[in-house]
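Engineer:
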DNA sequence: GAATGAATTGGAACCAGTTCCAATGGGCAA
DNA sequence: TTGCCCATTGGAACTGGTTCCAATTCATTC
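Structure (structure tokens):
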């Protein structure tokens, strides 16, 4: 069995209070005593019990992360950023994976009532009003990553600007007939980034004096095969678009496949730009919009640790910029 | 602040022991009392404090996972399997990400000495003798996933069989000049699956009466670009191979790129088979060997929970089979 | 009606820490 | 020499649970 603070105290011939003081770096210990205690700790290979420590401190020294963990590669990349910060801090990381809505309810309830964490990072999920209320009551500090809200600090990505950038890139190349292939705007699992991308698309069109046409706007379930169908319809229009902006790389890939099957050359006959810059995008040489995923994790985690250290802190919002990654699927239109 | 067991006891007009008994489903409580207590719990929205519970139980109710978390997509898929099992159990998941060797040492030391977990899952890492000794002393139950050892239970993948399957697939198609592009066998971060794949390759050749030639065996750092170079060398031999077995999909992709740049058609002039079946493989229509990644996580986690429930348990080894996924990059050789 | 025993219950002791309070002892000033 | 103050220290009380032990209640048996 592991040794306890009493063993150390006995071994060093001092009281438990003194050992505790040494461990926690209190100045109220003489150098001589400190040496004795450190010697005993070394000799017994002692380290304080995690859970006893947390109980008596009244702190959990744990950060919870709630995320639809594995559903998208982007979430993993954000987690990586979070982990990087946590592992240099005294906190432990507790990951709660929410792949189903049912789990979601149980999870937040459980976390709040059993005091499992000091702080919570919510990744790519929008909290309901009820959840926010519970978290506030429990005084668990919360930071949202990749979602906006008025209730807590957050790190978001400027998807409106991202949508604008993508569209402007196409406009600069000379395109006028630009379609937008989008996911549904259903925010039930809670994220409105798709809608923002669409807004950016509209803004860019407007600035360039290009009228928005519903013919060039197609919504469908987020999948490669559905995007394939959407693209087929768009490309069979009497006046087909010369460029398509997809609200994700996954969809962009479906669009490219559709173009190939219609014997259209990408980017010769059709330019395609995606969004996300997933790993696949590089292999496929896909022009896309990159989000600072890793950085969003780092910044969000820093924000949380900061608010745990300084009790009083206002709500803060960090908006990270996106970047156009020009590769081989966009080019000036023919003629 | 959250209410405590004392609040509930007072509210229900009973002793704390009785409340504890109700919570833990002890039969030593009358129905009448149980009702009273449950009513009080409901009313106060009480749930026992996680850390106090763990301290007095002498159990952490936590499973630790040590993994080079994000380095490869395969690790994420395994974690997903682990999470699936954990979330249906009373245990929490504590992830320790080891991307650097330095962190590794600190991490295991820390886990052992501060009694952070009841059980540990080690993913895609081989433990050193010293680490094993520490874990044994600490009585922390350990299960290894994707690695073999004599010290603890494990879920491994039969990489020898996988290497054999891949090679046999090529032989069955009629290939005789089959090269193997491999990672280095350096097991410092600790995993000998590459070596096993190579052994399987040799076995299959032998069974088919094809002599092994070092000309057709190339080792290099695990990367797409290095594999590109390796393939270039192989394909410029006087008698170039008609098929290449790559020890990972990532490498296979580099090989395909090399073939394209040499104006060789895949699979017309060169067959390529990978290993892993990463997401990319499907998009690229790559023939490959699939490992039951998700299942390895599930089984490993079950093994661990099982050994936590039944104190005495022998070391168990589960070997999971691999599967050839035939897609479009392999075909019978010309002539 | 007393003795036996089972069912139920309250509460002290314990888990392994932290922190507060009171006590000790030495040094220095009056 | 006495008194005071400060640095240092030991240990009790506390964190919020679980569990064991002893006590109470009540029905059953002789």
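Chains as they are written, first to last, in this note's numbering: chain A, 159 to 493; chain B, 159 to 493. Using N, Cα and C, we set each Cβ at its ideal position, and we do this for glycine too.
Give the range of the beta strand (DSSP E) segment to which residue 429 of chain B is assigned.
Structural biologist: 429-431
Engineer: Can you tell me whether residue 410 of chain B is helix, strand or coil according to DSSP?
Structural biologist: helix
Engineer: Which word fits residue 443 of chain B, buried or exposed, when buried means at least 16 other C-beta atoms lie within 10 angstroms of its C-beta?
Structural biologist: The residue is exposed, with fewer than 16 neighbouring Cβ atoms inside 10 Å.
Engineer: Could you check what DSSP says for residue 271 of chain B in three-state terms: helix, strand or coil?
Structural biologist: helix
Engineer: Pull out every residue of the segment 181-206 of chain A whose Cβ sits closer than 9 Å to any Cβ of chain B, in chain order.
Structural biologist: 203, 204, 205 and 206
Engineer: Taking the alpha helix (DSSP H) that residue 363 of chain A belongs to, which residues open and close that run?
Structural biologist: 351-365
Engineer: Just checking: is the beta-carbon of residue 273 of chain A within a distance shorter than 8 Å of some beta-carbon in chain B?
Structural biologist: yes
Engineer: When the Cα atoms are used, what is the spatial distance from residue 174 of chain A to residue 162 of chain A?
Structural biologist: CA-CA distance, residue 174 of chain A to residue 162 of chain A, rounds to 10 Å.
Engineer: Listed from N- to C-terminal order along the chain, which residues in the segment 239-252 of chain A have their beta-carbon within a distance smaller than 8 Å of any beta-carbon of chain B?
Structural biologist: 241, 245, 250, 251 and 252
Engineer: For residue 179 of chain A, which residues from the same chain have a beta carbon less than 7 Å from its beta carbon, with the 5 sequence-adjacent residues on both sides left out?
Structural biologist: 186 and 187
Engineer: Using the Cβ count rule (16 or more neighbours within 10 Å means buried), how would you classify residue 300 of chain B?
Structural biologist: With 16 or more other Cβ atoms within 10 Å, it is buried.
Engineer: Closest to residue 384 of chain A by CA distance: which of A:294, A:321, A:293 and A:414 is it?
Structural biologist: A:414
Engineer: Helix, strand or coil: which one does DSSP assign to residue 318 of chain A?
Structural biologist: helix
Engineer: Can you give the Cα-Cα distance for residue 202 of chain B and residue 168 of chain B, rounded to whole angstroms?
Structural biologist: Rounded to whole angstroms, residue 202 of chain B and residue 168 of chain B show a C-alpha spacing of 11 Å.
Engineer: Does DSSP classify residue 382 of chain A as helix, strand or coil?
Structural biologist: The answer is helix: DSSP assigns residue 382 of chain A an H, G or I state.
Engineer: Quick one: residues in its chain with C-beta nearer than 6 Å to the C-beta of residue 116 of chain B, no 5 flanking neighbours on either side, listed in chain order?
Structural biologist: Residue 116 of chain B is absent from the model: chain B starts at 159 and stops at 493.
Engineer: Between B:468, B:471, B:254 and B:207, which has its C-alpha nearest residue 279 of chain B's C-alpha?
Structural biologist: B:254
Engineer: Per DSSP, what kind of secondary structure is residue 439 of chain B in: helix, strand or coil?
Structural biologist: helix
Engineer: Give the single residue among B:428, B:457 and B:273 whose Cα lies nearest to the Cα of residue 486 of chain B.
Structural biologist: B:428
Engineer: Cβ of residue 484 of chain B within 7 Å of any heavy atom in the ligand NAD?
Structural biologist: No copy of the ligand NAD appears in this structure; indeed no ligand is present at all.
Engineer: Just mark residue 472 of chain A as buried or exposed, buried being the case when its beta carbon has 16 or more other beta carbons within 10 Å.
Structural biologist: exposed
Engineer: Compute the Euclidean distance between the alpha carbons of residue 250 of chain A and residue 271 of chain B, then round it to the nearest angstrom.
Structural biologist: 15 Å
Engineer: Exposed or buried, residue 330 of chain A, counting other C-beta atoms within 10 Å across all chains shown (16 or more means buried)?
Structural biologist: exposed
Engineer: For a cutoff of 8 Å on Cβ pairs, would you count residue 160 of chain B as touching chain A?
Structural biologist: yes
Engineer: Helix, strand or coil for residue 277 of chain B, going by three-state DSSP, please let me know.
Structural biologist: strand
Engineer: Quick one: using the 10 Å Cβ neighbour count with 16 as the cut-off for buried, is residue 372 of chain B buried or exposed?
Structural biologist: exposed
Engineer: If you measure between the beta carbons of residue 303 of chain A and residue 281 of chain A, is that distance less than 8 Å?
Structural biologist: Between residue 303 of chain A and residue 281 of chain A, the C-beta spacing is below 8 Å.
Engineer: Report the partner residues of residue 377 of chain A according to the DSSP bridge assignment.
Structural biologist: A:340
Engineer: When DSSP builds the beta bridges, which residues end up paired with residue 164 of chain A?
Structural biologist: None; residue 164 of chain A has no bridge partner.
Engineer: Residue range of the beta strand (DSSP E) that residue 478 of chain A falls in?
Structural biologist: 475-478
Engineer: Listing by chain order, which chain A residues have their CB less than 7 Å from the CB of residue 445 of chain B?
Structural biologist: Chain A residues near residue 445 of chain B: none, gap ~17 Å exceeds 7 Å.
Engineer: Of the choices B:258, B:206 and B:268, whose alpha-carbon is the least far from that of residue 222 of chain B?
Structural biologist: B:268
Engineer: Give me whichever residues DSSP pairs with residue 388 of chain A in a beta bridge.
Structural biologist: Answer is none; residue 388 of chain A lacks a bridge partner.
Engineer: Going along the segment 208-223 of chain B in order, which residues come within less than 7 Å of chain A, judged by CB to CB distance?
Structural biologist: 208, 209, 210, 212, 213 and 218
Engineer: Give a yes or no on contact between the segment 291-299 of chain B and the segment 444-452 of chain B, applying the rule of three or more CB pairs nearer than 8 Å.
Structural biologist: No, because fewer than three Cβ pairs between the segment 291-299 of chain B and the segment 444-452 of chain B fall closer than 8 Å, the two stretches do not touch.
Engineer: For the alpha helix (DSSP H) containing residue 194 of chain A, name the first residue and the last one.
Structural biologist: 189-202
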